[in-house]
Every structure is written in C-alpha cells, then in structure tokens.
Amino acid sequence: MTTRRSFVALLAASALAPALAAAQAFPSQPITLVVPFPPGGVTDITARIVAQALEKKIGANIVVENRGGAGGNIGASVVARAKADGYTLLYGTQGVLAANPYLYKSINFDVQKDFTPVGLTYETAHMLVVRPDLPARTTEEFIALAKASPGKLVYGSSGVGGGSHLFMEYFQHSAGIKLLHAPYKGGGPALTDLLGGRLDAMLDSIPSAATQVKAGKLRALGVSGAQRDPEFPDVPTLAEGGAKDFAAVSWGAIMAPAGTPDDVVRKLSLALSQAIDEPGTRKLMAERGASVNPSTPEQAAQRIAQDQERWSTVIREAGISAE
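Read in order, the letters of the sequence shown correspond to residues -21 to -1, 1 to 302 in mature numbering (1 follows the signal peptide of the UniProt record, and there is no 0).
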C-alpha cells in the first residue's frame, strides 16, 4: 500500500532522477572552452594546456574557442548566456572576473549571478623590470628615485585597465610613489619601447619579461607575488623591497553558466584538479612562467571575491575607466 509519506518520497526521487541521470551521463558530447582573448597570449596558451590535460580526465574532447574583444567581456557574455549543461565553459581570468566589472560602466554580465566557478587553473606573478641604464638596481632604489622626482619616471602598460596597468597602480599606492603612465595597445609594443629606452619601467607578467631579463636586456627589481619566483630566486618580492603589504598575481579560472547542475560542476571540478596536478601539466605551465592552482569551486569563488575587493579599490582610487 502506498502511504502519503512514501508517495511524497517517490515524487522527490522522480524530480531528482533527471539531474542525477544527466550528471552520470556527462559528458556525452564535446565540451567548448571559450577563451575570451585572441590566440597566442598567456591566457590562450595556458587554456590549451589545461584543455589537453582535462580531456584525458573527463573523457570528452574539449574544443578551445577564442572569442576576444572588449577586454574579455565578449567571450564572457557568450558563456553567461549559454545553456547551463556543462558543455560551454569560460576560461576566465583575474582581469575579466575581478577587474572588468569595475572598469566598464556597461557590462552585460554579472560574475556572481551569471556564473558558477568550476575551479582555478594557474597563477603567475608580475615582475618590475627597468631599462638597464636606469640608476636603480633594487626596488628600494627605484622607490627612492621615484620619490625624488614625482611623476617623472615613465612606465608602460598593455593599455588602460590591463593587468600591467592595474598592478603598477597598486604598486604605486603600496610604495607611496607617483609615476607617469604610458598606455599602449598591447604589452608587446610597450615592452619594445622599454627595450629601446623610451620607457623607464614596466610591471609585466613573468612569462612576458623572462626572456629579456635572462638575456640581460632588462633588469629585474622585484616580483609581485607573496613569495619569490622559483625561476628567479635571487629577485626579491616587491614587499621585501619596500612596497608594504604588496602581493598580487594573475590567475585563471574555469567558469560554468549559472544553473549548471551541481553534480556536473563537481565532476568537472574534480577532473580539472586532477588534470592540472599531473606532473606533465605542472611542467608545461612552469616552462611558461606559471604555476598550477588546483581548487574547489568554493575556493575559486572566494578568490574571485577577494580580488574583486582589491581591484575595485585600486580602480576607484586611481579613477581608472576602460571606456
């Protein structure tokens, strides 16, 4: 005999059955990983490393699709409005997820409402590099030089609101100095002018600056992370050099559209953590100046929230707008 209690339990089980079945069957088709930047940059390169490793763990082909434009906002918008089934994912960055919501007045996605984190992927520090003939061999000397001539030293960036711009604004605040900003259309042209002596400094990503530092064409004064970089153990952190409490890195994270079944998100997250923790993946990332950063969805959400607080403050106090 079917009692009221057993009937209610049966209804509940029936309601859960489709979601459970979907999670168990997932994935049954290729997964699209949207990279919101053009091919060839650090984000694209690390995304392809992650995709290749994740394929083996999740058991499905992963197609990397570059949808660049508007500082990453176009690609993010595509995923925000995709079907929430786990087959369309965003390879987000610290810039897209933590800075863009405060850089752009008109942005058609909400990080907290439109996405659910799957997990973090990588992180990489930035490096304060200067032209070799600049009379500053340490971060302390650079800070002293800047304080002696406020607004005279010129630094280049990849553009207004880019990582190299925001990191340098944060550094100036921490060190109590004022530099002159020269924004470029991309990090490459800025680095070229620094090499040519037309700029004094950059706070560039380590993967971008490493080759020139090793060749002796640029001088490294400090790294932005909380610890020294394994590839440059003799280069102190910026905090060690006098930028009080300064610590910041760039990072990547895979995001799913909000509403993606929790079991699917958990399955993706576990596979992602296992994939990037493989020795081969770690090696490929290290060769590009990045370290892997396995996490749970909750840890990724916490990281996004922490950096939103940090970069919203930097952007507001510096009066930065990307529009």
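The beta carbon of each residue, even a glycine, is placed where N, CA and C say it ideally should be.
For residue i, which residues in the same chain have their Cβ closer than 6 Å to its Cβ, ignoring the five residues on either side in sequence?
i	result
Leu12	Ala30, Ile41, Val43, Leu68, Tyr70
Gly130	Lys157, Leu159
Ala61	Thr67, Pro236
Asp256	Pro273
Ala188	Met106, Val108
Ile10	Ala39, Ile41, Tyr66
Phe(-15)	Because the pLDDT of Phe(-15) is 48, which lies under 50, any placement of that residue in the model is unreliable, and the number read from its coordinates should be weighed accordingly. Once the five neighbours on either side are set aside, Phe(-15) has no close Cβ partner at all.
Leu132	Ala125, Leu158, Asp179
Starting from residue i, trace the beta strand (DSSP E) in both directions and tell me its first and last residue.
i	result
Thr100	94 to 109
Ile10	10 to 14
Asn45	41 to 45
Pro236	228 to 236
Ala199	198 to 202
Asp183	180 to 184
Val133	133 to 136
Ala254	That residue, Ala254, is in no beta strand (DSSP E); its alpha helix (DSSP H) goes 241 to 255.
Tyr70	67 to 72
Pro129	Where Pro129 is concerned, there is no enclosing beta strand (DSSP E), given that its DSSP letter is neither H nor E.
Ala161	159 to 162
Could you please give the first and the last residue of the uninterrupted alpha helix (DSSP H) stretch that includes residue i?
i	result
Ala265	258 to 265
Asp286	276 to 297
Ser143	142 to 154
Tyr81	79 to 82
Val58	52 to 59
Ala218	Element bounds for Ala218: n/a, residue is neither H nor E.
Pro114	Note, Pro114: premise wrong, no alpha helix (DSSP H); not H, not E.
Leu174	166 to 174
Val29	21 to 37
Leaving out five residues before and five after residue i in sequence, what residues of the same chain have Cβ atoms less than 7 Å from its Cβ?
i	result
Ala237	Ala63, Lys92, Asp93, Phe94, Thr95
Gly154	Per the sequence presented here, residue 154 reads as Ala, with Gly not at that position. Correct list, in chain order: Ile122, Gly221, Ala222.
Gln73	Ser229, Trp230, Asp286
Lys164	Gly138
Asp172	Gly135, Leu178
Pro186	Val21, Thr103, Arg267, Gly268, Ala269
Arg207	Val214, Pro215, Thr216
Ala77	Ile283, Asp286, Gln287, Trp290
Cutting at 8 Å between CB atoms, please list the residues of its own chain near residue i, excluding the five before and the five after it.
i	result
Arg27	Val43
Val192	Met106, Val108, Arg198, Ala199, Phe211
Ser143	His105, Gly135, Ser136, Ser137, Gly166, Ala169, Met181, Leu182, Asp183, Ser184
Gln8	Ala39, Tyr66
Lys196	Pro111, Leu174
Ala250	Leu33, Lys36, Ile37
For residue i, tell me which candidate among the options has the shortest Cα-Cα distance.
i	options	result
Pro18	Ile10, Lys35, Leu33, Asn45	Asn45
Lys126	Arg289, Val57, Gly141, Ile156	Ile156
Lys246	Thr25, Pro15, Lys36	Lys36
Glu277	Val293, Ser248, Arg261, Tyr83	Ser248
Ala194	Ile294, Ala78, Val108	Val108
Ser252	Glu266, Arg267, Gly268, Ile233	Ile233
Thr224	Arg289, Glu120, Pro186	Looking at the sequence itself, residue 224 is Asp, so the reference to Thr does not match. The option with the nearest alpha carbon to Asp224 is Arg289.
Ala254	Val97, Met181, Val21, Ala32	Ala32
Ala284	Val244, Gly204, Val243, Asp89	Asp89
Thr25	Val58, Leu99, Ser85, Leu76	Leu99
Ala279	Val97, Pro258, Val271	Val97
Ser203	Phe146, Arg116, Gly176	Phe146
Pro114	Ala218, Gln151, Gly176	Gly176
Ala218	Asp23, Val75, Gly47, Phe150	Phe150
Arg295	Ala59, Gly48, Leu82, Val75	Leu82
Glu120	His152, Gly54, Gly201	Gly201
Lys262	Pro209, Ala226, Gly50, Thr275	Pro209
Is there a C-beta anywhere in chain D that falls below 8 Å from the one on residue i?
i	result
Gln285	Here chain D cannot be found, since the structure has a single protein chain.
Does residue i pass the burial test, meaning 16 or more other C-beta atoms within 10 Å, or should it be called exposed?
i	result
Arg198	buried
Gly135	buried
Ser128	exposed
Glu102	buried
Asn79	buried
Glu148	buried
Thr292	exposed
Asn52	buried
Thr239	buried
Asp112	exposed
Ser56	buried
Pro15	buried
Ser300	exposed
Thr260	buried
Gly140	buried
Ser85	exposed
Ala265	exposed
Thr118	buried
Ala205	exposed
Gly50	buried
Gly54	buried
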